[in-house]
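For the record, in the sequence shown the residue sitting at position 70 is 86 according to this note's numbering, with numbers rising by one throughout. All residues carry an ideal CB built from backbone N, CA and C; glycine is no exception. Report on the structure given below.
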Amino acid sequence: MNKVTLRVKVAQYSEIEPRIGQTIQVMDRKIALFKVTNGKVYAIDNRSPHPKGGVLSEGLVSGEYVFCPVYDWKISLVDGKVQAPDEGQVKTYKVEIEGDDIFVVLE
Ligand code: FES
Numbered sequence: 017m018n019k020v021t022l023r024v025k026v027a028q029y030s031e032i033e034p035r036i037g038q039t040i041q042v043m044d045r046k047i048a049l050f051k052v053t054n055g056k057v058y059a060i061d062n063r064s065p066h067p068k069g070g071v072l073s074e075g076l077v078s079g080e081y082v083f084c085p086v087y088d089w090k091i092s093l094v095d096g097k098v099q100a101p102d103e104g105q106v107k108t109y110k111v112e113i114e115g116d117d118i119f120v121v122l123e
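Written as structure tokens, this is what we have:
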């Protein structure tokens, strides 16, 4: 089977504020986009894996983690892992930056 990859321009690097999550929609997926203080950009699914499913783009960003706004789970923006003592996994997306354009890659 062929793997389908979709690369979508989602934002301008210069226009997004560090530590303020953005919500982007690509087809049927809601994705949270974050620029962290070291300048890197990460994209993860915009739902906490917790049963209540908090909106992660509204979470507080610290370093390379986001804290879910509902029950404060700490989630890595790098690999999507929920940090102990909680458990779970958020889907992450590859981000590519070209000049001022930010692309998210969906596979
Ligand atoms: S909804 Fe995110 S930690 Fe519960």
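{"Query": "Cβ-Cβ separation, residue 42 to residue 122 (assumed contact under 8 Å), whole Å", "Result": "6 Å"}
{"Query": "Assigned exposure category for residue 20 - 16 Cβ within 10 Å defines buried", "Result": "exposed"}
{"Query": "Proximity of residue 40 and residue 52 at Cβ, strictly below 7 Å", "Result": "no"}
{"Query": "Beta carbon of residue 135 nearer than 7 Å to that of residue 104", "Result": "One cannot answer for residue 135 here, as it falls past the ends of the chain, which runs 17 to 123."}
{"Query": "Closest residue to residue 48 among 60, 69, 85 (Cα-Cα distance)", "Result": "60"}
{"Query": "Residue range of the beta strand (DSSP E) that includes residue 39", "Result": "38-42"}
{"Query": "Residue 108 - containing beta strand (DSSP E), residue span", "Result": "108-114"}
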